[in-house]
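**Q** I am attaching a structure below and will ask some questions about it afterwards.
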């Protein structure tokens, strides 16, 4: 496994705090020795300060500044479940599991975790309010989060200074609110969230790109 870029928070490995201008072999030899570490089938996601590696086995490895990482590679699992999707914002992360549960953790200054408060969450925490709808997609912007569920609904939470939540105003939300525009109108194929913008691609039958931001 190799990585390139800034390594200020040991986002690649517990090697010295140096900027990486060239690919560097990461210090994960001890991890690779385990049979479950199938790096060729891993999924990666990056916050501003962390690297997450999701393995086929269901283990999630972290490198960086996360409170449960302590600047060394660490790992965690979901009991009787496996991650199928991971997305990261600047300092928060969303994980959807095979059983259709959404877990959020990280920085929460704008309520982007959708858990009803602005408290930082250091461990993956299930968003119980969305459990009945079984989330399928989740994307993290800089300080907001979008979620698409099996019922065809799109939800948003977090920072909204530029209208990136698509709720018709610029008020931030600490819980997930439904975006009415998409209710029973469009089947979402893909969601995307930028720093202060959001976008959705609908299915091939309607074939539309929808974007939203406050002007």
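In UniProt numbering, the protein residues as written are 1 to 215.
Backbone N, C-alpha and C fix where the C-beta goes; we use that ideal spot for every residue, glycine too.
What do you reckon, are the CB atoms on residue 193 and residue 139 nearer than 7 Å?
**A** Against a cut-off of 7 Å, the Cβ pair of residue 139 and residue 193 comes out as a contact.
**Q** Does the stretch 53–65 come close enough to the stretch 104–114 to have 3 or more Cβ pairs within less than 8 Å?
**A** Output reads no: the stretch 104–114 does not touch the stretch 53–65.
**Q** Would you be able to state if there are at least three C-beta pairs under 8 Å between the stretch 150–164 and the stretch 117–124?
**A** In short, these stretches do not touch, since the Cβ pair count stays below three.
**Q** So which of 160, 62, 133 has the shortest CA-CA distance to residue 196?
**A** Nearest of 160, 62, 133 to residue 196, Cα basis: 160.
**Q** Quick check: what's the CA-CA separation for residue 77 versus residue 176?
**A** So the two alpha carbons sit approximately 25 Å from each other.
**Q** Taking all protein chains shown into account, decide if residue 190 is buried (16 or more other Cβ within 10 angstroms of its Cβ) or exposed.
**A** With fewer than 16 other Cβ atoms within 10 Å, it is exposed.
**Q** Run the CB neighbour count on residue 101, radius 10 Å, all protein chains shown included, and call it buried at 16 or more, exposed below.
**A** Residue 101 should be labelled buried.
**Q** Is residue 173 near residue 157, with beta carbons less than 7 Å apart?
**A** In contact: residue 173 and residue 157 (Cβ atoms closer than 7 Å).
**Q** Which first and last residues belong to the beta strand (DSSP E) in which residue 103 is found?
**A** First-last of the beta strand (DSSP E) with residue 103: 102–106.
**Q** Which whole-angstrom value is the C-beta distance of residue 181 and residue 163, which I expect to be below 8 Å?
**A** Not a contact, Cβ separation roughly 12 Å.
**Q** On the three-state DSSP scale, how would you describe residue 115?
**A** Strand at residue 115.
**Q** How many Å lie between residue 201 and residue 137 at the Cα?
**A** Taking the straight line from one Cα to the other gives about 12 Å.
**Q** Indicate the three-state DSSP secondary structure (helix, strand or coil) for residue 187 in the structure shown.
**A** Reduced to three states, the DSSP call for residue 187 is coil.
**Q** Which residue wins for smallest C-alpha separation from residue 80, given the options 74, 133, 58?
**A** Among 74, 133, 58, the Cα nearest to that of residue 80 is on 58.
**Q** Among residues of its own chain, excluding the 5 on either side of residue 219, which ones have a beta-carbon nearer than 7 Å to its beta-carbon?
**A** Summary: the structure shown does not reach residue 219, with the chain confined to residues 1 through 215, and so no result is reported for it.
**Q** Identify whether residue 180 lies in helix, strand or coil by the three-state DSSP scheme.
**A** DSSP places residue 180 in helix when its eight states are reduced to three.
**Q** So if DSSP puts residue 196 in a beta bridge, which residue, or which two residues, is it bridged to?
**A** Its beta-bridge partners do not exist; DSSP assigns none.
**Q** For the beta strand (DSSP E) containing residue 93, list its first residue and its last residue.
**A** Start and end: 92–97.
**Q** Measure the alpha-carbon distance for residue 187 versus residue 63 and round it to whole angstroms.
**A** C-alpha separation (whole angstroms): 35 Å.
**Q** Please name the residue in 86, 103, 45 whose C-alpha comes closest to that of residue 127.
**A** Nearest option by C-alpha distance: 103.
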